[in-house]
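Contents: one structure, followed by commentary.
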Amino acid sequence: MLLAGLAAQLSVQALRPPPATAAEDLPPAPRAQALRAASLGEPAALSRLAMLYLQAYDLGAGNALPYQRLDYARLVQWLRAIVDTDPRSEYPLFAAARVYAEVADPAKCREMLAFIHQAFLEDPNRRWPWLAHAALLAKHRLHDLPLAQRYAADIERLATDPGIPLWARQMEIFILEDMNELEAAKIMLGGLLAAGRITDPQERRFLQGRLEELERRLPSKP
Amino acid sequence: MSPALLLARSTLTEARRGGLPWLALFCLALAFGLAAFLSQVAVTESRALQAALAAAVLRAGAAFLLAAHVAASVVREANDKVTELALALPLSRSQYFLGKLAGFGACGACLAAASCAPLLLWAAPGGVALWGVSLAFELLLVAAACLFFAITLASVVPALAATAGFYLLARSMSGIQLLARGPLAEDSLAQVIARGAVDAVALLLPRLDAATRADWLLYGSPGPAEFAAALGPLVLYSGLLAAAGLFDFHRRNL
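Quick mapping for you: the protein sequence lines, in order, are chains X and E.
Letter by letter, the first sequence follows residues 813 to 1034 in the working numbering.
Letter by letter, the second sequence follows residues 98 to 351 in the working numbering.
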């Protein structure tokens, strides 16, 4: 009877169709205070779990809408709540700068860059790499040089930690250099690696993948 | 050796023979497996994710295992009349209670030490050591709470439920106070009363969210003042719970 029951269970589960992709968008973001209360004294763990949950709302994971078509106002609210839950985690700003800002829709890109800029103003010495990337995106994707220069000027003015590399402290010059996005991205990534800012192996792999994708899209200048 | 210390040693032996080490090993494997799996999905901060997640699972797991062991042990001894037999010996009620508490505290210290082992893979030894010490004191508080509830309520499930409710409330109290004071909170009479009630409950609970923080593993060890401020209330509250437990134990007819 036990074996028959087990066989029946396995058969029923095997015959079930795979989960249908539901065309539902991201739910409204919880408040940061609610996330902190729900964390039961472990905000560092909850903020990272929340990022994995948010991340699963893009490609696959049962969601029919790729992240580019998500409600970006809600997405920013989620990122804002997660940043407020653990302000020292870099995961939300990494996702904002490297994933959600790199979309074809200029309005969504601007919305995400505005969030990154606002987050930078709260902790310039820790969050300058994300605004540096935002400046690059503003120049090469949005073709908005004044916006890129504004971000670069804010990094120069507000990121005062002596450990910040020279190219970041002279960001405006870097922005005005006559180079394409691939060259700028390679220099920035090299600078971050040399400064010891990128130590996580998953992050290195992700950024290397992004560079290779850029190389396929854009040839280097001769 | 004093009777209380002998009792503490026998409590530790009972835990060792009762399967607690195997359960602790299972908890370690679960924390390690979950952290390793989820870190593969993360695009950045994979080590921090592993450390934070493993620490959260190990902390909750150790508290649950110890509470379950304390409740089951105390209630079984009461039902089997072992407590009455022990008190018939030249052993005072205070010695019995404090000996049991010391034994359960030692179990908690062993669980805390075991929980530190996997964290050394992802965090600096200094931070892990301080986290482990804090967890040991937190588990002593859990043991004192469960011992009090088990003696008072004399049944496993209510004792576990009361301990779990106390522990979870103590860990989330700061967050609840933040919610009560949030920007969306109105200034109506009901809201003011609710806020006052939340603050009154917070006065009666230890701040467990300030102790055994994953921040110490991820962002560097705390300073001496911060560490003392985290541990002091745990020691104080463990003493309070022990005093309450002794008071109740002394007034019982056994």
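No residue lacks a Cβ here, since even glycine has one placed at the ideal position from N, Cα and C.
Compare the C-alpha of A149 (chain E) against each of X:S859, X:H929, X:L866, X:R848 and name the closest.
-> X:S859
Residue closest to T249 (chain E), alpha-carbon to alpha-carbon, out of E:G224, E:F123, E:H347, E:L300 | E:H347
The alpha helix (DSSP H) with R881 (chain X) in it runs from where to where?
-> Where R881 (chain X) is concerned, there is no enclosing alpha helix (DSSP H), given that its DSSP letter is neither H nor E.
Checking contacts by CB at 9 Å: is M924 (chain X) closer than that to chain E?
-> no
Quick one, which residues of the stretch 252-274 of chain E are near chain X if we go by CB-CB under 7 Å, in chain order?
-> L265, R268, S269, G272, I273
Based on Cα-Cα distance, which residue from E:L343, E:L314, E:G262 lies nearest to L302 (chain E)?
-> E:G262
Going by beta carbon distance, what residues of the same chain come within less than 8 Å of V172 (chain E), once the five residues before and after it are set aside?
-> A247, A251, S252, V253, A256
Contact set for L188 (chain E): own chain, Cβ-Cβ below 7 Å, skip 5 residues either direction | P100
Using a Cβ-Cβ cut-off of 9 Å, state whether V138 (chain E) counts as contacting chain X.
-> yes
To which residues of the same chain is A132 (chain E) closer than 6 Å at the C-beta, ignoring the five residues directly before and after it?
-> Q147, L150, A151
Proximal residues of chain X, C-beta to C-beta of L150 (chain E) below 8 Å = A857, R860, L861
Quick one: residues in its chain with C-beta nearer than 6 Å to the C-beta of C124 (chain E), no 5 flanking neighbours on either side, listed in chain order?
-> G158
Length of the line joining the Cα atoms of Q889 (chain X) and P842 (chain X) | 8 Å
Interface residues of the stretch 959-978 of chain X facing chain E [CB-CB below 7 Å] = none
Express the C-alpha separation of W313 (chain E) and P319 (chain E) in angstroms, rounding to a whole number.
-> 6 Å
Identify the contact partners of E142 (chain E) in chain X, using a Cβ-Cβ distance below 7 Å as the criterion.
-> R860, S901, E902, Y903, D1012
Extent of the continuous alpha helix (DSSP H) to which G329 (chain E) belongs = 321-348
By Cβ distance, which residues of its chain are closer than 8 Å to H61 (chain E), with the 5 residues on each side in sequence left out?
-> Outside the shown range of chain E, which is 98 to 351, sits residue 61 (chain E), and nothing can be said about it.
Beta-carbon spacing of W942 (chain X), E902 (chain X) below 9 Å | yes
Can you grab the Cα-Cα spacing for the pair L232 (chain E) / V239 (chain E), in whole Å?
-> 10 Å
Do the stretch 882-899 of chain X and the stretch 177-184 of chain E meet, that is, are 3 or more Cβ pairs less than 8 Å apart?
-> no
What residues from chain X crowd round Y316 (chain E), counting only those whose CB sits closer than 7 Å?
-> R900
State the DSSP-derived secondary structure class of D973 (chain X), mapped to helix, strand or coil.
-> coil
Interface partners of F906 (chain X) on chain E, CB under 8 Å | V140, T141, E142
Touch check for the stretch 821-830 of chain X and the stretch 281-298 of chain E: three-plus C-beta pairs under 8 Å?
-> no
Cβ distance (whole Å) where D1012 (chain X) is taken to contact S143 (chain E) below 8 Å | 6 Å
Residue-chain proximity (G853 (chain X), chain E), Cβ-Cβ < 9 Å = yes
Contacts of L238 (chain E) in chain X (Cβ-Cβ under 7 Å) = Per Cβ cutoff of 7 Å: no residues; L238 (chain E) is ~13 Å from chain X at best.
Three-state secondary structure assigned by DSSP to N937 (chain X) | helix
By the criterion of Cβ-Cβ separation under 8 Å, what are the contact partners of L135 (chain E) in chain X?
-> L861, L864
Residue burial classification, G342 (chain E) (beta-carbon count within 10 angstroms, cutoff 16) | buried
Reduced DSSP secondary structure (H/G/I, E/B, other) of A308 (chain E) | coil
Determine whether the Cβ of A835 (chain X) lies closer than 9 Å to any Cβ atom of chain E.
-> Legend: pLDDT at A835 (chain X) = 40, less than 50; position of this residue unreliable, no value from coordinates given.
Cβ-Cβ separation, A857 (chain X) to G272 (chain E) (assumed contact under 8 Å), whole Å | Actually they are not in contact, since the Cβ atoms of G272 (chain E) and A857 (chain X) sit about 14 Å apart, beyond 8 Å.
Please look up how many angstroms separate the CB atoms of L847 (chain X) and L265 (chain E), rounded, as I've assumed it's under 8 Å.
-> About 16 Å; that fails the 8 Å criterion.
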